[in-house]
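Beneath this line is the structure, given in structure tokens, with notes to follow.
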Amino acid sequence: MEKSEGGEFIFTWVIENFSFCNKEFNKRFKSPTFIADNIKKSEWYISLYPGGYSDSDYMSVYLKSMDGNPFDEAINYEFQLIGFNDSLKSGSSLFAEKDKMRGFRKYFRNDAIGLNGGDRDSSLPDDTLTLRCRLWYPNTEIVESAHCVARTRMGVKRISFVWNLKEFSNLHRDLKKTYPITPLLDTECPLKSLSLFWDCKMYPNDEMTAQIVMKTCNYTVLTCKLSVIGAKGKPIQLVKTGYSFDGDEQERILSLPPLFSKRQLMARKDTYINNDVLSLMCEFAVSTTIVLHKIEEIYIGPEIHPSLGEDIPIVNCPNFDNVLVESMGGLKCDLESLYTAGINCDVNLRIESEANDS
Numbered sequence: 001m002e003k004s005e006g007g008e009f010i011f012t013w014v015i016e017n018f019s020f021c022n023k024e025f026n027k028r029f030k031s032p033t034f035i036a037d038n039i040k041k042s043e044w045y046i047s048l049y050p051g052g053y054s055d056s057d058y059m060s061v062y063l064k065s066m067d068g069n070p071f072d073e074a075i076n077y078e079f080q081l082i083g084f085n086d087s088l089k090s091g092s093s094l095f096a097e098k099d100k101m102r103g104f105r106k107y108f109r110n111d112a113i114g115l116n117g118g119d120r121d122s123s124l125p126d127d128t129l130t131l132r133c134r135l136w137y138p139n140t141e142i143v144e145s146a147h148c149v150a151r152t153r154m155g156v157k158r159i160s161f162v163w164n165l166k167e168f169s170n171l172h173r174d175l176k177k178t179y180p181i182t183p184l185l186d187t188e189c190p191l192k193s194l195s196l197f198w199d200c201k202m203y204p205n206d207e208m209t210a211q212i213v214m215k216t217c218n219y220t221v222l223t224c225k226l227s228v229i230g231a232k233g234k235p236i237q238l239v240k241t242g243y244s245f246d247g248d249e250q251e252r253i254l255s256l257p258p259l260f261s262k263r264q265l266m267a268r269k270d271t272y273i274n275n276d277v278l279s280l281m282c283e284f285a286v287s288t289t290i291v292l293h294k295i296e297e298i299y300i301g302p303e304i305h306p307s308l309g310e311d312i313p314i315v316n317c318p319n320f321d322n323v324l325v326e327s328m329g330g331l332k333c334d335l336e337s338l339y340t341a342g343i344n345c346d347v348n349l350r351i352e353s354e355a356n357d358s
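Residues in the sequence shown are numbered from 1 upward in steps of one, following full-length UniProt numbering.
Printed below as a string of structure tokens:
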């Protein structure tokens with residue numbers, strides 16, 4: 001079958017602070033809506049389920065049509081996580097109905113990017129996930145590409161302090177030490193207190209644990225890292241963990257994994273304790289609201305798939321942050337011609353390193 005000439009549309013969605021997206025099962029994260037001008041000016045968005053749509057071990061991704069009416073033939077679609085070559089998956093659908101949704105329930109394993117573990121460590125560069133979606137008609141020779149870039153940034157509030165537990169050697173099992181966090185910080189701080197104690201029923205082997213009390217709030221993700229500041233001033237990590245929950249405005253008490261054994265710390269007090277003071281470095285981060293969610297760039301030009309290319313010039317546009325143009329070289333040549341011809345104009349012409357008034 002002879003191929004007809006046509007175009008492709010590539011939508012790239014950049015999500016910053018991705019580990020602070022809600023990872024609860026069946027929680028949707030929606031991209032900005034975009035219009036594929038060269039696919040019959042159709043309107044779309046992507047539904048991403050970081051915690052999975054049908055299986056919590058996999059993130060799910062779907063392409064959703066906002067109109068559906070222009071489609072009298074199938075459209076090919078393709079998803080890929082940038083930096084993960086084995087994430088490339090493609091399909092084809094008519095998208096004949098409004099709100100038609102097609103994609104992959106088991107798109108990519110969360111543990112492949114380090115987001116399934118309790119410590120919520122991310123292997124994503126700068127905790128930024130970049131998802132690319134490509135649309136094109138079957139049996140088409142791609143001669144032109146349109147590329148749209150959207151960016152979403154999760155807001156993150158970070159809180160850190162040092163808790164000095166004095167007379168640590170005198171702490172006993174019936175004592176619960178509490179650090180009031182809120183009075184020391186602003187009123188919008190979601191953390192109320194941090195408590196350190198022995199849970200003899202849960203951890204009978206002299207292990208101390210901690211609890212965090214969160215105030216009534218809409219926060220959905222919390223990460224916590226506790227470290228001992230050693231006698232030489234170097235932090236030694238005790239625990240790093242994370243929590244996801246619905247923003248249901250309920251006060252919460254979160255229990256941390258066991259931190260340490262007092263007996264073991266006292267046996268190495270020259271390393272961990274200074275003048276009978278145990279210093280804990282406490283670091284917390286909570287998700288706030290989405291602080292950025294918009295289309296940032298639009299590229300229009302010849303076929304540029306699978307990469308945009310590194311030497312393509314970009315100029316500012318009043319309607320979008322950046323728009324691709326094929327070349328800016330013609331502008332320089334035109335200005336040089338005006339100068340050579342002696343045509344006066346109210347500009348300051350700069351050629352290489354020399355400036356000339358024209």
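Even glycine gets a Cβ: it sits at the ideal position worked out from N, Cα and C.
**Request:** Look up Y272 in the DSSP assignment and say whether it is helix, strand or coil.
**Result:** By one-based count along the sequence shown, residue 272 stands at place 272. Y272 falls in the helix class under three-state DSSP.
**Item:** Classification of V221 by the beta-carbon crowding that lies within 10 angstroms, buried from 16 upward
**Value:** Here the question's residue 221 lines up with position 221 in the sequence shown. Flag for V221 reads buried.
**Item:** C-alpha gap between P318 and I298, whole angstroms
**Value:** For the purposes of this step, residue 318 is identified with residue 318 of the sequence shown, where counting begins at 1. For the purposes of this step, residue 298 is identified with residue 298 of the sequence shown, where counting begins at 1. Caution applies to P318, whose pLDDT of 35 falls short of 50 and renders its modelled position unreliable; the model cannot decide the point.
**8 Å Cβ cutoff met for H293 and T152** = Taking the sequence shown and counting its residues from 1, one reaches residue 293 at position 293. Taking the sequence shown and counting its residues from 1, one reaches residue 152 at position 152. Yes, they are a contact pair.
**Message:** Along the chain, where does the alpha helix (DSSP H) containing M266 start, and where does it finish?
**Reply:** Residue numbering aside, residue 266 sits at position 266 when the sequence shown is read from its first letter. For M266, the enclosing alpha helix (DSSP H) covers residues 262–267.
**Asked** According to DSSP, what are the bridge partners of H147?
**Response** What you label residue 147 is simply residue 147 of the sequence shown in a count that begins at 1. In the DSSP output, where bridge partners are listed per residue, H147 has I10, Y299.
**Request:** Less than 8 Å between the CB atoms is what I'm expecting for Y58 and R109, so what's the real figure, rounded?
**Result:** As a working note, residue 58 is residue 58 in the sequence shown. As a working note, residue 109 is residue 109 in the sequence shown. Cβ atoms of Y58 and R109 come within 8 Å of each other, at about 6 Å.
**Request:** With M59 as the anchor, note down where its beta strand (DSSP E) starts and where it stops.
**Result:** Taking the sequence shown and counting its residues from 1, the one referred to as residue 59 is at position 59. Residues 58–65.
**Nearest to W44 (by Cα), restricted to the options I35, G52, G51** = On the sequence shown, position 44 is the one that residue 44 refers to. Of the listed residues, the one whose Cα sits closest to W44 is I35.
**Prompt:** Is there contact here, the stretch 224–232 with the stretch 267–277, by at least three beta-carbon pairs under 8 Å?
**Reply:** Because the criterion of three Cβ pairs below 8 Å is met, the stretch 224–232 and the stretch 267–277 touch.
**Segment limits, beta strand (DSSP E) that includes L94** = If you number the sequence shown from 1, residue 94 lands on position 94. Segment: none, L94 is in no beta strand (DSSP E) and carries neither H nor E.
**Item:** Length of the line joining the Cα atoms of L63 and K41
**Value:** As a working mapping, residue 63 is identified with position 63 in the sequence shown. As a working mapping, residue 41 is identified with position 41 in the sequence shown. If I take the Cα positions, the gap works out to 16 Å.
**Prompt:** Between which two residues does the beta strand (DSSP E) carrying K177 extend?
**Reply:** In the sequence shown, residue 177 corresponds to position 177, counting from 1. Secondary structure note for K177: its beta strand (DSSP E) is the uninterrupted segment 177–180.
**Prompt:** Which residues in the same chain have their Cβ closer than 8 Å to the Cβ of I290, if we skip the five residues on either side of it in sequence?
**Reply:** For the purposes of this step, residue 290 is taken as the residue at position 290 of the sequence shown. Residues of the same chain with a CB within less than 8 Å of the CB of I290, apart from the 5 flanking positions on each side, are T152, R153, M154, G155 in chain order.
**Message:** Please report the straight-line C-alpha distance between E16 and L131, rounded to a whole angstrom.
**Reply:** On the sequence shown, position 16 is the one that residue 16 refers to. On the sequence shown, position 131 is the one that residue 131 refers to. Rounded to whole angstroms, E16 to L131 spans 11 Å at the Cα level.
**Prompt:** Along the chain, where does the beta strand (DSSP E) that runs through Y49 open and close?
**Reply:** Numbered from 1 along the sequence shown, position 49 holds the residue referred to as residue 49. Where Y49 is concerned, the enclosing beta strand (DSSP E) starts and stops at 42–49.
**Asked** Taking the alpha carbon of S54 as the point to measure from, which residue in I39, D72, R28 has its own alpha carbon closest?
**Response** Working through the sequence shown from its first residue, we reach residue 54 at position 54. The candidate whose alpha carbon is nearest that of S54 is R28.
**Message:** For K192 and E251, I'd like the C-alpha separation in whole angstroms.
**Reply:** For this step, residue 192 is matched to residue 192 along the sequence shown. For this step, residue 251 is matched to residue 251 along the sequence shown. Their Cα atoms are separated by approximately 9 Å.
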